[in-house]
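Written below as structure tokens is the structure these notes are about.
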Amino acid sequence: MAIAVIHGNKTWTKGYGYADLEAEEPVTPFTLFHGASTTKAQTASLAALVVQDSETYKDINWDTKLHSIDPLTFQLQSQYESSEVTLLDALSHRTGMPRHDLSWVNTNATIEDQVKSLRHLSLSASFRTKWQYCNLMYTAVAHALEQITQQTIGKLYTSWLWQPLGMNQTFFSNEDASRCQSKDPSCKLSKHYTWSSRNRAFTEYSMDSVPPINGAGGVISNINDYAKWVRALAQAAGPVSKEGHEALRSPLSVAQAKDTKPFDGPEWYGMGLSASIYRGHMMYFHNGAIGGYYSRITFVPILDWGFAIMQNAPNSGLDVVAFRIIDDFLKIPMEERFNAKTDRCSYWNQWEERVNKVKGMPAMLYPSVAKPPTLPALQPSSYAGKYTHPGYGTINLVSGVPSNGSHAERVKDRHDSGIFLYAETSLLEVLFVFEHVSGENWLVELWEHEMMDDDIPTGYSKAKTEIGADGQVEAIHVITEAAVTGDKAWTTFRRTE
Numbered sequence: 010m011a012i013a014v015i016h017g018n019k020t021w022t023k024g025y026g027y028a029d030l031e032a033e034e035p036v037t038p039f040t041l042f043h044g045a046s047t048t049k050a051q052t053a054s055l056a057a058l059v060v061q062d063s064e065t066y067k068d069i070n071w072d073t074k075l076h077s078i079d080p081l082t083f084q085l086q087s088q089y090e091s092s093e094v095t096l097l098d099a100l101s102h103r104t105g106m107p108r109h110d111l112s113w114v115n116t117n118a119t120i121e122d123q124v125k126s127l128r129h130l131s132l133s134a135s136f137r138t139k140w141q142y143c144n145l146m147y148t149a150v151a152h153a154l155e156q157i158t159q160q161t162i163g164k165l166y167t168s169w170l171w172q173p174l175g176m177n178q179t180f181f182s183n184e185d186a187s188r189c190q191s192k193d194p195s196c197k198l199s200k201h202y203t204w205s206s207r208n209r210a211f212t213e214y215s216m217d218s219v220p221p222i223n224g225a226g227g228v229i230s231n232i233n234d235y236a237k238w239v240r241a242l243a244q245a246a247g248p249v250s251k252e253g254h255e256a257l258r259s260p261l262s263v264a265q266a267k268d269t270k271p272f273d274g275p276e277w278y279g280m281g282l283s284a285s286i287y288r289g290h291m292m293y294f295h296n297g298a299i300g301g302y303y304s305r306i307t308f309v310p311i312l313d314w315g316f317a318i319m320q321n322a323p324n325s326g327l328d329v330v331a332f333r334i335i336d337d338f339l340k341i342p343m344e345e346r347f348n349a350k351t352d353r354c355s356y357w358n359q360w361e362e363r364v365n366k367v368k369g370m371p372a373m374l375y376p377s378v379a380k381p382p383t384l385p386a387l388q389p390s391s392y393a394g395k396y397t398h399p400g401y402g403t404i405n406l407v408s409g410v411p412s413n414g415s416h417a418e419r420v421k422d423r424h425d426s427g428i429f430l431y432a433e434t435s436l437l438e439v440l441f442v443f444e445h446v447s448g449e450n451w452l453v454e455l456w457e458h459e460m461m462d463d464d465i466p467t468g469y470s471k472a473k474t475e476i477g478a479d480g481q482v483e484a485i486h487v488i489t490e491a492a493v494t495g496d497k498a499w500t501t502f503r504r505t506e
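Add 9 to the 1-based position in the sequence shown for our numbering, that's all there is to it.
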């Protein structure tokens, strides 16, 4: 873990623990981490820089329609939403589009290709009626900025934000980050880990498993540079104008109205920033999480104060440390402090609640199953093959154990106890286990590499296979996004080979 605290023009930074467990290499303020979704405020800041430069970009403002910037690329399933979604809508998560995260972890698609996939993904709410966090909409904004400026998003971050702020050890690719070490041995990208409760040890992620920069995430930085970024946010400093910072902070959507403890009221979302009231102070923040990397930025403008935390393994430390820093600065008496370790909304209690919910999902998805179950129409090997959806990409179903070693270890004990099919993603090392239920109905287990408990999947879903007149599998229908309901919930993957 690495921490930076800023107050006025003063900065404190320190590293804790290991950047490389095997080599026992310590974390320092120069250690690089993926910033994940803390990237979003930087993407929104690039949009603010375009909007404030009215001389160069005369026709661009917060109400500019994404479709008008690139009508061939930005299209949604609804013609109305396609033509009406603005920069502000996309950046404040109020477009009607839910996460659909499995669509981008299953492919190495370019930014443009990810945006084109939106037309094949179902909306789950009416336009501007509901806050729904959506990484893909930030990718859409990144693509729009590339079209407006005729520069890549990576170059925009570098020349428009990082260089003006002196963030000289901030990057948008693992390749660029690795070159930093040749100039400064301390500027090294940390390894990233997940906890295996089965093996009682941390296991390392593959560095190739983390998605490239796409507007929603991807920034690689260290705590020294993030101190500069948090100070710019707290002080509403350049290169973004005061008006631009005000726009980013504006309460555009209510993200959570109830159960927002430890905050004193609702949590809302601006553009790339969440906000709420904490002990009478307006506090802005955003968390990030990707492939074993976790991060948080927090700032209180009226106090000219803020902090950033980065870590390379999942645990409750980020929340515990964050509120310790806040309460220490505010000089809150110990007996009045929010205790992230024991409070009902703590990380671990939330985790336990999630585990209990997940355990009950199979019975909820299939409350009534034939006894004995009806066998599938075909042999398991006949279901193996490649299946494609234009938004979710290709899944390769196999009837043997998965190729990934950790995935194979996870399923080996029960592989012979039923009928199973498996699929793996190219990013984030996600495993899908298709367990036969009855007939052509399947229970889908989603396993993410960063799971804290190897015995509990991240979640469950439903699938059904479609057999054609020739007796061969034609398609697999899967519920891929829980927020989408009804007939639109089913994503159809057509067999290609």
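For each residue, glycine too, the CB sits at the ideal point set by N, CA and C.
Given the structure is predicted, the values throughout are model-derived calculations rather than measurements.
Test item: CB-CB of residue i and residue j under 8 Å
i, j, result
"Trp451", "Thr474", "yes"
"Ser215", "Leu41", "no"
"Ile232", "Ile12", "yes"
"Gly300", "Val309", "no"
"Leu145", "His102", "no"
"Thr82", "Lys125", "yes"
"Val249", "Thr179", "no"
"Leu327", "Tyr202", "no"
"Tyr392", "Ser412", "no"
"Thr505", "Thr434", "no"
"Ala507", "Val239", "One cannot answer for residue 507 here, as it falls past the ends of the chain, which runs 10 to 506."
"Glu90", "Thr73", "no"
"Cys143", "Pro194", "no"
Residue i burial status per 10 Å Cβ neighbour count (16 or more: buried)
i, result
"Thr494", "exposed"
"Arg525", "In the structure as shown, the chain starts at 10 and stops at 506, and residue 525 therefore has no counterpart that could be examined."
"Ala256", "buried"
"Asn18", "exposed"
"Ala491", "exposed"
"Asp336", "buried"
"Asp234", "buried"
"Gln61", "buried"
"Ile485", "buried"
"Ala57", "buried"
"Tyr25", "exposed"
"Val263", "exposed"
"Asn321", "buried"
"Pro38", "buried"
"Asp98", "buried"
"Gln5", "In this structure the chain extends from 10 to 506, so residue 5 is not present and cannot be described."
"Ser135", "exposed"
"Ala241", "buried"
"Arg209", "exposed"
"Lys197", "buried"
"Ser304", "buried"
"Gln388", "exposed"
"Arg353", "With a pLDDT of only 46 at Arg353, under the threshold of 50, the placement of this residue in the model should not be trusted; the figure read from the coordinates follows. That one is exposed."
"Pro323", "buried"
Cross-strand partners of residue i (DSSP beta bridge)
i, result
"Thr403", "Thr397"
"Pro35", "Tyr27"
"Gly315", "Ile15, Phe308"
"Trp456", "Leu440"
"Arg503", "Thr397, Ala484"
"Gln320", "Tyr303"
"Ile229", "His43, Phe180"
"Glu213", "Tyr202"
Presumed contact (8 Å Cβ cut-off) between residue i and residue j, rounded CB distance
i, j, result
"His129", "Gly400", "3 Å"
"Ser285", "Gly297", "Their Cβ separation, rounded to whole angstroms, is 18 Å, which puts Ser285 and Gly297 out of contact at 8 Å."
"Ile476", "Glu449", "7 Å"
"Val439", "Tyr431", "Not a contact, Cβ separation roughly 11 Å."
"Ala472", "Val453", "5 Å"
"Tyr166", "Ala225", "The pair is not a contact, with the Cβ atoms about 13 Å apart (cut-off 8 Å)."
"Ile162", "Leu154", "6 Å"
Range of the contiguous beta strand (DSSP E) that encloses residue i
i, result
"Val378", "Segment: none, Val378 is in no beta strand (DSSP E) and carries neither H nor E."
"Asn70", "Looking at the DSSP string, Asn70 is not in any beta strand (DSSP E), and its letter there is neither H nor E."
"Leu430", "429-433"
"Ile286", "283-287"
"Val493", "Premise fails: Val493 is in no beta strand (DSSP E) and is neither H nor E."
"Ala264", "262-265"
"Glu344", "Run containing Glu344: none; DSSP gives neither H nor E here."
"Glu449", "No beta strand (DSSP E) contains Glu449, which DSSP labels as neither H nor E."
Continuous alpha helix (DSSP H) stretch holding residue i: start and end
i, result
"Phe332", "326-339"
"Met508", "The chain is shown only over 10 to 506; residue 508 falls outside these bounds and no answer can be derived."
"Ile162", "162-165"
"Val60", "48-61"
"Gly253", "251-258"
"Lys473", "Lys473 -> not in any alpha helix (DSSP H); beta strand (DSSP E) instead, spanning 468-476."
"Glu93", "88-93"
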